DNA sequence: AACGGATCTGGAAGCCCTTCCATTGTGGCC
DNA sequence: GGCCACAATGGAAGGGCTTCCAGATCCGTT
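Protein chains in written order, with the numbering used here: chain R, 1 to 337; chain G, 1001 to 1337.
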């Protein structure tokens, strides 16, 4: 049977008193430190159990100068950002890895100026041992905390305007190359692309991958139509592409949402997928399985991304030398190609 | 131009020294407390700016016995739970409301025994001022912290086995009634339902709503086919229903995923939606807009749920008297009815 | 039996704040 | 001009923990 949850919080002093030792010894027992005789160790452990003692992390943090927590900062202007399943998976990965290291997770949504200000205060107040920064966009004021602050900051995905010391990224170039090559391998030769906003590194990298694959195959990459990663933008971009290149037979969309929009636009234009036009997306979110036909797409290990970000941060805090990490993607073939 | 982020963290003592006042006065300035002359107040404020001082929340928490943070605990065996967009929105709502109150959010995923143990430690260690408990299932060991612990706990959704002192819930009964009545208003009379696992209060409540509506209309509620809220389970349940009630003309599914499965099963069985069979779901997640045809469903204000949970917790911590809250739903008509 | 060494032990200082309280200073009022 | 009330001030005592250090204990050696 579990202990009662005592209403009053026991302190280390009480434990020490009950065990008949000094506070120092009790502290050592708790921290598994040496220089404690077997007898006293057991006596302290007994007292701990009896009192249901749990050390106060605030006091401990104060004394050790270690917060015992890490912040995951979602930096994006849109407060809805968390509804994106991407972040759910990211958070799940981070949570798992932080649990391994027994760190707590402070989740910060820096969507408003007020939110950003709070994050900055959090960081500067040393309430956390490190920061994971996700969805950081161009000119993100929070990127400052990585450049100037003393705290380790791990980026999820590379920012567009500088190369941080620590980051974990998805191999966007490689994934986009694979996607494009897959279309080419299917015999498509007039392959176009729908790109994301070029102020994001993700969009740029996927663009680059498309161009590389085309060039390598001796084909001329066509200029992308740009969308904002939404389904509607994908449909609109597809419509423009159909206009510009009526003979197209393959489309690489920079994400699944836009690919879904493209499928809709193609259907509207009377082109059948994959017979007339093959389509590949990127992300492998749930939507990819719900489109008609189901979407061939590049799977990115989002959970792993979160996990590795957290592990990297833990490594840095522990003083281990770690460097950037790029995670591989793989193509998931469904019915759209 | 913003201040430099100083590498060494200034302390209140340093601020006081620079301002030429005692620590007490400096502290009062920071906390906007009275009994500080205008001159000293300004002098302290200047020193704060100059040093880039940010109070250490750990020390403050220790002195005030207020953690300045609240925990959002997602209690579910499945570590994938966060990938569910439901939780993304919930978290977003919580984050927004906690920001208003200037509390930090500790996000805890209690998926493993280890995770649960950590949550319990967190709570007992007084590292947070209160807890929001979401997705708590039957016999959730964490529910103990609400019953025995001294900390305020706000439930998101009612647990099945007891009535907590504080909770915020969605009006599941009302929503399900509306959904069913909508089907009846559309002239359907042989309306069946796909229910969720009966060890969840959500599933029970939606079941109840269906029965109420049927009974009120003078019809006999039919026993539900049960699924585990997944798309596949929805399809399977739909198949069983078609077998048992070949003449059915309306389906209320207890969530959108199962409704999507039902649509698939109906299509497979050659029934057209909404002509032969009308279908209503529950949740209004993204999937509802992606199905073919788009799903009529009961919208639940998940973000509001999170927001109200956080506000309730803030209220309790502030000593305000607050009670349970039930949030209204509304029907979103699309093409499946 | 005396000694060097390693192993325990507890006192005390410190981490950075808040807050109580006694003290000083100020203005108003009779 | 003296007295009272009240605002302003800083000293000091916490809050709960870690950790340094000096002193006490114990062991095996010679």
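Every residue gets a Cβ at the ideal spot worked out from N, C-alpha and C, and that includes glycine.
Nothing here was measured: the structure is a model prediction, and the numbers come from that model.
Practice item. Could you give the DSSP three-state label for residue 338(R): helix, strand or coil? Key: A query on residue 338(R) cannot be resolved here, the shown segment of chain R reaching from 1 to 337 and no further.
Review point. Going straight from the alpha carbon of residue 118(R) to that of residue 312(R), what length do you get?
Key: Here residue 118(R) corresponds to residue number 118 of the first chain, with the count starting at 1. Here residue 312(R) corresponds to residue number 312 of the first chain, with the count starting at 1. So the two alpha carbons sit approximately 24 angstroms from each other.
Review point. DSSP state of residue 182(R), grouped into three classes?
Key: For this step, residue 182(R) is matched to residue 182 along the first chain. Of the three classes helix, strand and coil, the one that applies to residue 182(R) here is helix, per DSSP.
Exercise for review: Using a cut-off of 8 angstroms between C-beta atoms, extract the partners of residue 1131(G) located in chain R.
Suggested key: Indexing the second chain from 1 puts residue 1131(G) at position 131. Per Cβ cutoff of 8 angstroms: no residues; residue 1131(G) is ~13 angstroms from chain R at best.
Review point. How many angstroms separate the CA atom of residue 1154(G) from the CA atom of residue 1194(G)?
Key: One-based indexing of the second chain puts residue 1154(G) at position 154. One-based indexing of the second chain puts residue 1194(G) at position 194. In this structure, the alpha-carbon of residue 1154(G) lies about 29 angstroms from that of residue 1194(G).
Review point. Do residue 1235(G) and residue 1281(G) have their C-beta atoms within less than 7 angstroms of each other?
Key: Walking along the second chain from the start, residue 1235(G) turns up at place 235. Walking along the second chain from the start, residue 1281(G) turns up at place 281. Cβ atoms of residue 1235(G) and residue 1281(G): not closer than 7 angstroms.
Exercise for review: State yes or no: is the C-beta of residue 273(R) within less than 7 angstroms of the C-beta of residue 230(R)?
Suggested key: In the first chain, the residue the question calls residue 273(R) occupies position 273. In the first chain, the residue the question calls residue 230(R) occupies position 230. No; because the gap between Cβ atoms is not below 7 angstroms, this pair is not in contact.
Check your understanding: Quick one, are the C-beta atoms of residue 131(R) and residue 192(R) less than 7 angstroms apart?
Key -> What you label residue 131(R) is simply residue 131 of the first chain in a count that begins at 1. What you label residue 192(R) is simply residue 192 of the first chain in a count that begins at 1. In terms of Cβ geometry, residue 131(R) and residue 192(R) do not form a close pair [threshold 7 angstroms].
Exercise for review: Could you check which residue in 139(R), 307(R), 59(R) and 62(R) has the C-alpha nearest to that of residue 101(R)?
Suggested key: Working through the first chain from its first residue, we reach residue 101(R) at position 101. Cα-wise, what sits closest to residue 101(R) is 307(R).
Point to revise | Proximity winner among 46(R), 53(R) and 34(R), relative to residue 11(R) (alpha-carbon distances) | key: Residue mapping note: residue 11(R) aligns to position 11 of the first chain, counting from 1. If we check each option's Cα against that of residue 11(R), 53(R) comes out closest.
Practice item. Report the option in 248(R), 211(R), 213(R) and 202(R) whose CA atom is closest to the CA atom of residue 227(R). Key: By one-based count along the first chain, residue 227(R) stands at place 227. With distances taken between Cα atoms, residue 227(R) lies closest to 202(R).
Check your understanding: In terms of DSSP beta bridges, what is residue 1069(G) paired with?
Key -> Here residue 1069(G) refers to the residue found at position 69 of the second chain. Note: residue 1069(G) sits in a beta bridge opposite 1104(G).
Exercise for review: For the beta strand (DSSP E) holding residue 1167(G), just list the boundary residues, first then last.
Suggested key: Stepping through the second chain from its first residue, residue 1167(G) is reached at position 167. Where residue 1167(G) is concerned, the enclosing beta strand (DSSP E) stretches over 1167 to 1170.
Practice item. Look up residue 1155(G) in the DSSP assignment and say whether it is helix, strand or coil. Key: For this step, residue 1155(G) is matched to residue 155 along the second chain. Note: residue 1155(G) maps to strand in three-state DSSP.
Exercise for review: Compare the C-beta of residue 58(R) against all C-beta atoms of chain G and say whether one is closer than 7 angstroms.
Suggested key: Reading the first chain from its first residue, position 58 is the one you call residue 58(R). Interface criterion met: the Cβ of residue 58(R) is under 7 angstroms from a Cβ in chain G.
Practice item. Answer yes or no: does any C-beta atom of chain G fall closer than 7 angstroms to that of residue 293(R)? Key: As a position in the first chain, residue 293(R) is number 293, starting the count at 1. Cβ-Cβ to chain G under 7 angstroms: no for residue 293(R).
Review point. Over what stretch of residues does the beta strand (DSSP E) that includes residue 1297(G) continue unbroken?
Key: Along the second chain, one-based indexing puts residue 1297(G) at 297. Run containing residue 1297(G): 1296 to 1299, per the beta strand (DSSP E) assignment.
Practice item. Taking only runs that begin and end inside the stretch 229 to 269 of chain R, name each unbroken beta strand (DSSP E) of 3 or more residues, in chain order. Key: Within the stretch 229 to 269 of chain R, the complete beta strand (DSSP E) runs of at least 3 residues are 250 to 253.
**Study point:** Residue nearest to residue 249(R) in terms of C-alpha spacing, selected from 233(R), 257(R) and 222(R)
**Key:** One-based indexing of the first chain puts residue 249(R) at position 249. Cα-wise, what sits closest to residue 249(R) is 222(R).
Check your understanding: Alpha carbon to alpha carbon, how far is residue 1046(G) from residue 1017(G)?
Key -> The residue labelled residue 1046(G) in the question sits at position 46 within the second chain. The residue labelled residue 1017(G) in the question sits at position 17 within the second chain. Spanning the two alpha carbons is a distance of roughly 12 angstroms.
Exercise for review: Assign residue 162(R) to one of two classes, buried (16 or more other C-beta atoms within 10 Å of its C-beta) or exposed (fewer than that).
Suggested key: Locating residue 162(R) in the first chain gives position 162, counting from the first residue. The residue in question, residue 162(R), is exposed, as its Cβ has fewer than 16 Cβ neighbours within 10 Å.
Exercise for review: Starting from residue 278(R), follow its DSSP beta bridges and name the residues at the other end.
Suggested key: For the purposes of this step, residue 278(R) is taken as residue 278 along the first chain, with counting starting at 1. 250(R), per the DSSP bridge assignment.
Check your understanding: Does DSSP put residue 1120(G) in a helix, in a strand, or in coil?
Key -> Counting from one through the second chain, the residue named residue 1120(G) turns up at place 120. Correct three-state label for residue 1120(G): helix.
Check your understanding: In this structure, does DSSP put residue 227(R) in helix, strand or coil?
Key -> Looking up residue 227(R) in the first chain gives position 227. If DSSP states are grouped into helix, strand and coil, residue 227(R) belongs with coil.
Practice item. Have a look at 1247(G), 1126(G), 1144(G) and 1180(G) and flag the residue whose alpha-carbon is nearest the alpha-carbon of residue 1218(G). Key: Counting from 1 along the second chain, the entry for residue 1218(G) is found at position 218. Cα-wise, what sits closest to residue 1218(G) is 1180(G).
Review point. Which bits of chain R does residue 1290(G) rub up against, with CB to CB less than 8 angstroms?
Key: Here residue 1290(G) refers to the residue found at position 290 when the second chain is read from its first residue. At a beta-carbon threshold of 8 angstroms, the residues of chain R lying near residue 1290(G) are 260, 287, 290 and 291, ordered along the chain.
Review point. Can you tell which of 1185(G), 1190(G), 1182(G) and 1176(G) has its C-alpha closest to the C-alpha of residue 1196(G)?
Key: Translated into the one-based positions of the second chain, residue 1196(G) becomes position 196. Ranking 1185(G), 1190(G), 1182(G) and 1176(G) by CA distance to the CA of residue 1196(G) puts 1176(G) first.
Check your understanding: Among 317(R), 120(R) and 301(R), which one has its Cα closest to the Cα of residue 327(R)?
Key -> If you number the first chain from 1, residue 327(R) lands on position 327. Among 317(R), 120(R) and 301(R), the Cα nearest to that of residue 327(R) is on 301(R).
Check your understanding: Mapping DSSP to helix, strand and coil, what is residue 284(R)?
Key -> By 1-based counting over the first chain, the position of residue 284(R) is 284. In the structure shown, residue 284(R) sits in coil (DSSP, three-state: anything other than H, G, I, E or B).
**Study point:** Exposed unless 16 or more other CB atoms sit within 10 angstroms - verdict on residue 1151(G)
**Key:** For the purposes of this step, residue 1151(G) is taken as residue 151 along the second chain, with counting starting at 1. The residue in question, residue 1151(G), is buried, as its Cβ has 16 or more Cβ neighbours within 10 Å.
Review point. Along the stretch 1073 to 1091 of chain G, what residues have a CB closer than 8 angstroms to any CB found in chain R?
Key: When C-beta distances to chain R are compared with 8 angstroms, the residues of the stretch 1073 to 1091 of chain G below that value are 1079, 1080, 1081, 1082, 1083, 1084, 1085, 1087, 1088, 1089 and 1091, in chain order.
Practice item. Using the Cα positions of residue 1160(G) and residue 1199(G), report the straight-line distance between them to the nearest angstrom. Key: The residue given as residue 1160(G) occupies position 160 in the second chain. The residue given as residue 1199(G) occupies position 199 in the second chain. Rounded to whole angstroms, residue 1160(G) to residue 1199(G) spans 7 angstroms at the Cα level.
Practice item. Over the uninterrupted beta strand (DSSP E) stretch that includes residue 329(R), give me the two end residues. Key: Position 329 of the first chain holds residue 329(R). First-last for residue 329(R): undefined, no H or E at that position.
Practice item. Give me the Cα-Cα distance between residue 1310(G) and residue 1063(G), rounded to the nearest whole angstrom. Key: Stepping through the second chain from its first residue, residue 1310(G) is reached at position 310. Stepping through the second chain from its first residue, residue 1063(G) is reached at position 63. Their Cα atoms are separated by approximately 24 angstroms.
Point to revise | chain G contacts from the stretch 115 to 142 of chain R (Cβ-Cβ distance under 8 angstroms) | key: Residues passing the 8 angstroms Cβ filter: 115, 118, 121, 122, 124, 125, 126 and 127.
Point to revise | Option in 51(R), 94(R), 128(R) and 291(R) with minimal Cα separation from residue 65(R) | key: Mapped onto the first chain, residue 65(R) falls at position 65. Closest by alpha carbon: 128(R).
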